[in-house]
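Here's the structure we're looking at; comments come further down.
Residue numbers (the working numbering): 254 to 446.
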């Protein structure tokens with residue numbers, strides 16, 4: 254557990270060090286609620302997913318905290334459900350890099366890479382069949398933000414998630430790529446704060 258906390262603190266410090274522009278006067282901070290679909294990887298079928306991200310972007314780089322929730326990820330229900338006993342939740346810290354293009358930077362393509370937590374839960378009517386896992390994960394993707402006005406824009410993004418697994422035993426911090434992976438395609442309204 255101590256190693257996990259040290260790794261999380263190191264990731265945050267590295268991300269803030271990579272993004273010194275996020276503290277400057279040219280920084281744009283915004284909130285993006287979004288919705289989309291999961292696909293590929295271990296997804297049994299395309300599923301609705303929703304998210305919320307808080308982003309601070311300087312001239313060329315930025316950092317964000319992103320939350321995602323996919324109900325019924327493991328395809329246990331026949332009908333659409335927002336609340337489900339089977340779901341995947343993500344909480345990621347991401348570094349974004351991309352140029353501002355056009356008058357006043359009204360469009361910004363970007364690439365992103367990050368790390369965080371993937372929590373998967375498979376529920377059952379039998380109490381002993383409920384399974385939840387918390388895994389460290391990596392993510393990477395790309396997207397574009399287009400400002401429609403000074404304070405409102407739209408954002409689209411493709412993002413890949415991959416779990417990590419611990420190798421070895423004891424206090425060693427050896428990790429490798431896990432087998433749990435999937436993609437998301439999201440779109441949302443971006444609100445400048």
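No residue lacks a Cβ here, since even glycine has one placed at the ideal position from N, Cα and C.
Could you tell me if residue i is buried or exposed, where buried requires 16 or more neighbouring beta carbons within 10 angstroms of its beta carbon?
{"i": "residue 357", "result": "exposed"}
{"i": "residue 412", "result": "buried"}
{"i": "residue 288", "result": "exposed"}
{"i": "residue 355", "result": "exposed"}
{"i": "residue 325", "result": "buried"}
{"i": "residue 317", "result": "buried"}
{"i": "residue 347", "result": "buried"}
{"i": "residue 427", "result": "exposed"}
{"i": "residue 371", "result": "buried"}
{"i": "residue 323", "result": "buried"}
{"i": "residue 364", "result": "exposed"}
Give the DSSP-derived three-state secondary structure of residue i in the structure shown.
{"i": "residue 420", "result": "strand"}
{"i": "residue 295", "result": "coil"}
{"i": "residue 286", "result": "strand"}
{"i": "residue 387", "result": "strand"}
{"i": "residue 300", "result": "strand"}
{"i": "residue 409", "result": "strand"}
{"i": "residue 267", "result": "Any reading at residue 267 must be qualified, since the residue scores a pLDDT of 47, below 50, and its modelled position is unreliable; no value is offered."}
{"i": "residue 308", "result": "strand"}
{"i": "residue 274", "result": "Any answer about residue 274 is weak, because its pLDDT of 41 lies below 50 and its placement is not dependable; what the coordinates show is given next. Residue state, collapsed to three classes: helix."}
Where do the ends of the beta strand (DSSP E) carrying residue i lie?
{"i": "residue 401", "result": "Premise fails: residue 401 is in no beta strand (DSSP E) and is neither H nor E."}
{"i": "residue 441", "result": "427-445"}
{"i": "residue 323", "result": "314-324"}
Measure the beta-carbon distance from residue i to residue j and round it to whole angstroms, keeping in mind my assumption that it falls under 8 Å.
{"i": "residue 344", "j": "residue 369", "result": "5 Å"}
{"i": "residue 434", "j": "residue 408", "result": "About 23 Å separates the two Cβ atoms, so there is no contact after all."}
{"i": "residue 342", "j": "residue 321", "result": "7 Å"}
Nearest chain E C-beta to residue i closer than 8 Å, yes or no?
{"i": "residue 301", "result": "This model lacks chain E altogether; it includes just one protein chain."}
Self-check item: Continuous alpha helix (DSSP H) assignments of at least 4 residues falling wholly in the stretch 340-380
Solution: none
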